[in-house]
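Novice: Take this structure first; my questions come after.
There are 2 protein chains.
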Amino acid sequence: MTIEYATRYRRASRIPAEPGRPYFIEKGEGDRAHLFGDLITIYAGGEQTENTFNFFTVEGPKGDLIPAHLHPDTHEVFYITAGAVRLFVEDTEGNQQEKLLTPGDFGFVPKNCPHAYRMERHHSQVVGVAAGPGGTFERFFENLGAPAEQLGLPSEPVIPAPGRFASVPERYDVRFLPDHQWRTR
Amino acid sequence: MTIEYATRYRRASRIPAEPGRPYFIEKGEGDRAHLFGDLITIYAGGEQTENTFNFFTVEGPKGDLIPAHLHPDTHEVFYITAGAVRLFVEDTEGNQQEKLLTPGDFGFVPKNCPHAYRMERHHSQVVGVAAGPGGTFERFFENLGAPAEQLGLPSEPVIPAPGRFASVPERYDVRFLPDHQWRTR
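Those sequence lines, one after another, are chains C and Y. full-length UniProt numbering applies: residue 1 is where the first sequence begins, and numbers increase by one. full-length UniProt numbering applies: residue 1 is where the second sequence begins, and numbers increase by one.
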């Protein structure tokens, strides 16, 4: 039996509209969004956790380094479940590190630390948790990109209109750093 | 280069003692604990996230149903990365569900919902997040069980002394339900 719910985010979601209800979601069937070449799938958001945490996956093709950014009030987990992902991070004193992460490896990016990543194999997948005292921001991806109904990666990259970059990231605690340089290699 | 830190929990941990520092942990090298036949590995705890969330894995052999319990103030994620795990959960109105979860499948257990699980294949692994407005409780496992230095599953099950059940679970927002019955089959 598959139960779908109408929520404020989707006409048909596997995430119950009311908090406090247990639920299961099979692989890939969370709330999906496309941003650039990636598929983001939300399995739990702030509504489920009294705004303490969320849980989502990001899947993508082998590709370019995403733009450097930071979150003023959000701590972020990168846990690799498939492929290989190179994570770049800078601490608040300006020290930079990078590391190639493979399945089972973990990276932690505290708030205010600039970071970026690059999928280095096709079919890479990252499990993410992104939250802080100010809340959770899992709906960033579908607001900068677009909600998706179908399963799988976007068939064409979803490129946000330029005006979206001026308004959307700030609402979701995302600050892009267009002049940032990685000096790790 | 591998950096180890002396923390309040371990003489040598891959988790930095001070919050606010980015870090990487390779597969299996988080703070390890044994409880019964399982290996619990903590990759991030409340200190890293201003007490908003944690991130850990539980690995175990094919085995018995663990005792039913609930968390009065903690929401919990079960995300399967290896093997097969049957999750049992009851909502606050007494409705029970169970589902066999395989890699990529997700289960959400809100606070106050009785739950239990059974590893149904050897080498199963669950990624967990367990947190709520009252904090995070990732050190439960090593306080009821024992911290571990070695990698891998316990060579002998770590059985807590009976007196530990009277004092430890309550401190970590765990309430065992010894008379609970699963009626799902």
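Note that beta-carbon positions come from the ideal geometry of N, C-alpha and C, so glycine has one too. The structure presented is a predicted model; accordingly, all values stated were derived computationally and were not measured.
Give every residue of the same chain whose Cβ lies closer than 6 angstroms to the Cβ of R32 (chain Y), excluding the five residues on either side of it in the sequence, and list them in chain order.
Specialist: So the list reads T41 and A148, once near-sequence residues are dropped.
Novice: Do you know how far the Cα of N143 (chain Y) is from the Cα of F36 (chain Y)?
Specialist: Rounded to the nearest angstrom, the two C-alpha atoms are 12 angstroms apart.
Novice: What would DSSP say about A161 (chain Y), mapped onto helix, strand or coil?
Specialist: Three-state result, A161 (chain Y): coil.
Novice: Going by DSSP, what residues sit across from L151 (chain Y) in a beta bridge?
Specialist: According to DSSP, which records beta bridges pairwise, L151 (chain Y) is partnered with nothing at all.
Novice: Determine the chain Y residues that contact R86 (chain C) at a beta-carbon separation under 8 angstroms, and present them in chain order.
Specialist: Near R86 (chain C) there are no residues of chain Y at all, since even the closest Cβ is about 11 angstroms away, more than 8 angstroms.
Novice: Measure the beta-carbon distance from L87 (chain Y) to Y117 (chain Y) and round it to whole angstroms, keeping in mind my assumption that it falls under 8 angstroms.
Specialist: The Cβ separation is near 5 angstroms, so the contact holds.
Novice: Confirm, please, whether the CB-CB distance from P110 (chain C) to Q48 (chain Y) is below 9 angstroms.
Specialist: Cβ distance < 9 angstroms, so Q48 (chain Y) and P110 (chain C) count as in contact.
Novice: Could you tell me which residues DSSP puts in a beta bridge with E59 (chain Y)?
Specialist: For E59 (chain Y), which the question treats as bridged, DSSP gives the partners Y:L39 and Y:Q125.
Novice: Going along chain C in order, which residues have a C-beta closer than 8 angstroms to the C-beta of V129 (chain Y)?
Specialist: F53, F55 and V129, listed in chain order.
Novice: Tell me, please, whether the CB atom of E120 (chain C) is closer than 9 angstroms to any CB atom in chain Y?
Specialist: No, E120 (chain C) does not count as interfacial toward chain Y.
Novice: Contact defined as beta carbons within less than 8 angstroms: I believe K27 (chain Y) pairs with G104 (chain C). What is the distance between those atoms, to the nearest angstrom?
Specialist: The Cβ separation is near 3 angstroms, so the contact holds.
Novice: To the nearest angstrom, how far is the alpha carbon of Q97 (chain C) from that of T184 (chain Y)?
Specialist: Answer to the nearest angstrom: the Cα atoms are 50 angstroms apart.
Novice: Using the rule of at least 16 other Cβ atoms within 10 Å of the residue's Cβ for burial, across every protein chain shown, is P154 (chain Y) buried or exposed?
Specialist: By the neighbour-count rule (16 or more Cβ atoms within 10 Å), P154 (chain Y) is buried.
Novice: Please report the residue range of the beta strand (DSSP E) in which L101 (chain Y) lies.
Specialist: Where L101 (chain Y) is concerned, the enclosing beta strand (DSSP E) stretches over Q96 to L101.
Novice: Which chain C residues are close to R21 (chain Y), counting only those with a beta carbon under 8 angstroms from its beta carbon?
Specialist: The answer, in chain order, is D91 and P110.
Novice: Taking 9 angstroms as the threshold (C-beta atoms), are A82 (chain C) and L101 (chain C) in contact?
Specialist: The answer is no: Cβ separation not under 9 angstroms.
Novice: Please name the residue in Y:V127, Y:E90 and Y:N51 whose C-alpha comes closest to that of P133 (chain C).
Specialist: Here the closest residue by C-alpha is Y:N51.
Novice: Please check the pair G60 (chain Y) and D38 (chain Y), which I expect to be a contact at CB under 8 angstroms, by giving their CB distance rounded to whole angstroms.
Specialist: Confirmed, Cβ separation roughly 4 angstroms.
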